[in-house]
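Asks: Below is a structure I'd like to ask you about.
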Amino acid sequence: MSSRHPIDDFMRGRIIGKIEEGRKITDVAREFDITHSVVSRLWKSFKTTGMCSRRHGRGRVRSTTPAEDRYIVLSAKRNRRTTAQQVANQFLAASGKQISRKTVARRLRGGGLYARRPVVCDWACVLFSDESRFSLSSDCRRQLIWRESGTAYRPENIQEKDRYPTCSIMVWAGIMINGRTRLHVVANGTMTGQRYIDEVLLPHVRLLRGAVGDKFVFMDDNATCHRTLAVQDCLDSEGIQRLVWPTLSSDLNPIENVWDALGKQVAGRNYRPTNKNTLIRALTEEWDKLPQQLLDNVVQKVWYDVWNVASHSTVDISRTDTFL
Numbered sequence: 001m002s003s004r005h006p007i008d009d010f011m012r013g014r015i016i017g018k019i020e021e022g023r024k025i026t027d028v029a030r031e032f033d034i035t036h037s038v039v040s041r042l043w044k045s046f047k048t049t050g051m052c053s054r055r056h057g058r059g060r061v062r063s064t065t066p067a068e069d070r071y072i073v074l075s076a077k078r079n080r081r082t083t084a085q086q087v088a089n090q091f092l093a094a095s096g097k098q099i100s101r102k103t104v105a106r107r108l109r110g111g112g113l114y115a116r117r118p119v120v121c122d123w124a125c126v127l128f129s130d131e132s133r134f135s136l137s138s139d140c141r142r143q144l145i146w147r148e149s150g151t152a153y154r155p156e157n158i159q160e161k162d163r164y165p166t167c168s169i170m171v172w173a174g175i176m177i178n179g180r181t182r183l184h185v186v187a188n189g190t191m192t193g194q195r196y197i198d199e200v201l202l203p204h205v206r207l208l209r210g211a212v213g214d215k216f217v218f219m220d221d222n223a224t225c226h227r228t229l230a231v232q233d234c235l236d237s238e239g240i241q242r243l244v245w246p247t248l249s250s251d252l253n254p255i256e257n258v259w260d261a262l263g264k265q266v267a268g269r270n271y272r273p274t275n276k277n278t279l280i281r282a283l284t285e286e287w288d289k290l291p292q293q294l295l296d297n298v299v300q301k302v303w304y305d306v307w308n309v310a311s312h313s314t315v316d317i318s319r320t321d322t323f324l
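Numbered by full-length UniProt numbering, the letters in the sequence shown go through residues 1 to 324 in order.
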């Protein structure tokens, strides 16, 4: 006896024709090597409907409506790390209807969502660094005053700003998840390539490279003093991997937020700095007081900032792959 398989319409017509000729169902079943019950059901169906072709079944009724399908997809998009079972539980709480996790997976695939492992980006191994300049003259953008509406230009509400600050210092520092460097003061002049090696790379960056290991990545911008051949030779000799910083790219260095927080802390001290030495001391003390959680938050937010900028501009996202 043949194995179970569908009978095409041509074969059905031949079977019905044999029976109409007066052949017995048993003989027809034996001739076509089909079970007696199949031929009998086929003959009964023909007498009832007058058709020998097979009716196409409508299949099982879907357990969810199109609106419920959209709700399932939206639930997964709101929290992309939720599991199919958790989505099913949320759906049960919202609609009172119980569905399986396999049903959830099918609905998500229908909505263009597939289960994939997230891209791993170990930001804990990246040291973000930069220089910044601070002066004794307060930044008017950081200081607020209380005034009445429409009185912005009264003398008591105006703060003079020095075009050329009489006392300013440049500092360098680096931040990373669960760590930071000491605040380094760039004294007596501007930063050069050789000073960058002697005062930054060797005493600070090399130290963290040894603590983190081979996964350590160093980030600095494209300032001229950072891109000299001597600096690159130093990084290569110390085995320090540098994060590529695309030319003319958006400045998304998270340490910029830390500089802003440091300036606010110094400006909010009870006794504000009055000379260069007190400014250095204030910056150093406030740098050490910055909570590590603040540094961790700004670093972990880099991924979001990159995608946010790329999605709201004409930036080629392929140029930002070094950040993701």
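From the three backbone atoms N, C-alpha and C, an ideal C-beta is built for every residue, glycine too.
Helix, strand or coil for I255, going by three-state DSSP, please let me know.
Replies: Counted from its first residue, the sequence shown places residue 255 at position 255. DSSP places I255 in helix when its eight states are reduced to three.
Asks: Using the Cβ count rule (16 or more neighbours within 10 Å means buried), how would you classify N178?
Replies: On the sequence shown, residue 178 is found 178 positions in, with the first residue counted as 1. Looking at its Cβ environment, which holds fewer than 16 other Cβ atoms inside 10 Å, N178 is exposed.
Asks: What residue range does the beta strand (DSSP E) around D130 cover?
Replies: Here the question's residue 130 lines up with position 130 in the sequence shown. Unbroken beta strand (DSSP E) run through D130: 126-135.
Asks: Measuring alpha carbon to alpha carbon, tell me which residue in Q300, I19, W287 is nearest W172.
Replies: Indexing the sequence shown from 1 puts residue 172 at position 172. Comparing Cα-Cα distances from W172 to each of Q300, I19, W287, the minimum goes to W287.
Asks: Roughly how many angstroms lie between the CA atoms of G13 and R107, to the nearest whole one?
Replies: Taking the first residue of the sequence shown as 1, we reach residue 13 at position 13. Taking the first residue of the sequence shown as 1, we reach residue 107 at position 107. Distance between the alpha carbons of G13 and R107: 40 Å.
Asks: Below 8 Å on the Cβ atoms is my contact criterion, and I expect F218 with R242 to pass it. Report the Cβ-Cβ distance as a whole number of Å.
Replies: The residue given as residue 218 occupies position 218 in the sequence shown. The residue given as residue 242 occupies position 242 in the sequence shown. Confirmed, about 5 Å.
Asks: Spell out a yes or no on whether the region 223-234 and the region 191-209 are touching, meaning 3 or more CB-CB pairs, one atom from each, closer than 8 Å.
Replies: In short, these stretches touch, since the Cβ pair count reaches three.
Asks: Within a Cβ cutoff of 8 Å, which residues of the same chain sit near I25, ignoring the five residues on either side of it in sequence?
Replies: For this step, residue 25 is matched to residue 25 along the sequence shown. Excluding sequence neighbours, I25 sits near I19, H36, V39, S40, W43.
Asks: With a CB to CB cut of under 8 Å and the five nearest residues on each side skipped, what residues in its chain are close to N253?
Replies: Counting from 1 along the sequence shown, the entry for residue 253 is found at position 253. Once the five neighbours on either side are set aside, the close Cβ partners of N253 are F128, D130, M219, D221.
Asks: In whole angstroms, give me the CA-to-CA distance for T278 and K289.
Replies: Locating residue 278 in the sequence shown gives position 278, counting from the first residue. Locating residue 289 in the sequence shown gives position 289, counting from the first residue. Using only the alpha carbons, I get a separation of about 16 Å.
Asks: Should the region 60-71 be regarded as contacting the region 94-107, the criterion being three or more beta carbon pairs within less than 8 Å?
Replies: At 8 Å Cβ cutoff, the stretches touch.
Asks: In whole angstroms, give me the CA-to-CA distance for V258 and G110.
Replies: On the sequence shown, position 258 is the one that residue 258 refers to. On the sequence shown, position 110 is the one that residue 110 refers to. Taking the straight line joining both Cα atoms gives about 44 Å.
Asks: Counting C-beta neighbours from all protein chains within 10 Å, is the total for M51 16 or more, i.e. buried, or is it exposed?
Replies: Position 51 of the sequence shown, counted from the start, is the residue given in the question as residue 51. When all chains shown are included, M51 counts as exposed.
Asks: By the DSSP assignment, the alpha helix (DSSP H) with W172 in it spans what residues?
Replies: The residue you call residue 172 lines up with position 172 of the sequence shown. Segment 168-176 is the beta strand (DSSP E) holding W172; no alpha helix (DSSP H) there.
Asks: Looking only at its chain, what residues have a beta carbon closer than 8 Å to the beta carbon of S100, apart from the 5 residues adjacent to it on each side?
Replies: Numbered from its first residue, the sequence shown carries residue 100 at position 100. Cβ within range, chain order: A88.
Asks: Spatial neighbours of D251 within its chain, please: C-beta separation below 8 Å, excluding the five flanking residues on both sides.
Replies: Translated into positions along the sequence shown, residue 251 becomes position 251. Closer than 8 Å at the Cβ level, and outside the excluded window around D251, lie D221.
Asks: By the three-class DSSP mapping on this structure, what secondary structure does V217 have?
Replies: Translated into the one-based positions of the sequence shown, residue 217 becomes position 217. If DSSP states are grouped into helix, strand and coil, V217 belongs with the strands.
Asks: Determine the direct distance from the alpha carbon of I7 to that of N31, and round the result to whole angstroms.
Replies: Counting from one through the sequence shown, the residue named residue 31 turns up at place 31. Counting from one through the sequence shown, the residue named residue 7 turns up at place 7. Before going further, note that residue 31 is Glu rather than Asn in the sequence given. Using only the alpha carbons, I get a separation of about 14 Å.
Asks: Whole angstroms are fine: how far does the CA of K102 sit from the CA of E68?
Replies: Counting from 1 along the sequence shown, the entry for residue 68 is found at position 68. Counting from 1 along the sequence shown, the entry for residue 102 is found at position 102. Looking at the two C-alpha atoms, the distance is approximately 15 Å.
Asks: Between the beta-carbon of K276 and the beta-carbon of I158, is there less than 8 Å?
Replies: Along the sequence shown, read from residue 1 onward, the residue named residue 276 stands at position 276. Along the sequence shown, read from residue 1 onward, the residue named residue 158 stands at position 158. Not closer than 8 Å, so no.
Asks: When DSSP labels each residue in this structure, what does I16 get in the three-state scheme?
Replies: For the purposes of this step, residue 16 is identified with residue 16 of the sequence shown, where counting begins at 1. The answer is helix: DSSP assigns I16 an H, G or I state.
Asks: Under DSSP, the alpha helix (DSSP H) around H36 begins and ends at which residues?
Replies: Position 36 of the sequence shown, counting from 1, holds the residue named residue 36. Taken as a continuous stretch (DSSP letters only), the alpha helix (DSSP H) holding H36 covers 36-49.
Asks: Tell me the start and end of each unbroken alpha helix (DSSP H) in the UniProt domain "Transposase Tc1-like" (69-118) that is at least 4 residues and wholly inside, in chain order.
Replies: Correct list: 84-95, 101-110.
Asks: Contact check, G75 vs Q85 under 8 Å by CB: the rounded distance?
Replies: For the purposes of this step, residue 75 is taken as residue 75 along the sequence shown, with counting starting at 1. For the purposes of this step, residue 85 is taken as residue 85 along the sequence shown, with counting starting at 1. The amino acid occupying residue 75 in the given sequence is Ser; Gly does not appear at that position. S75 to Q85, Cβ: 12 Å. No contact.
Asks: Can you round the beta-carbon distance between C125 and K215 to whole angstroms, since I take them to be within the 8 Å contact cut?
Replies: Taking the first residue of the sequence shown as position 1, residue 125 is located at position 125. Taking the first residue of the sequence shown as position 1, residue 215 is located at position 215. So it is a contact: roughly 4 Å between Cβ atoms.
Asks: So what's V200 in DSSP terms, helix, strand or just coil?
Replies: Here residue 200 refers to the residue found at position 200 of the sequence shown. It is helical.
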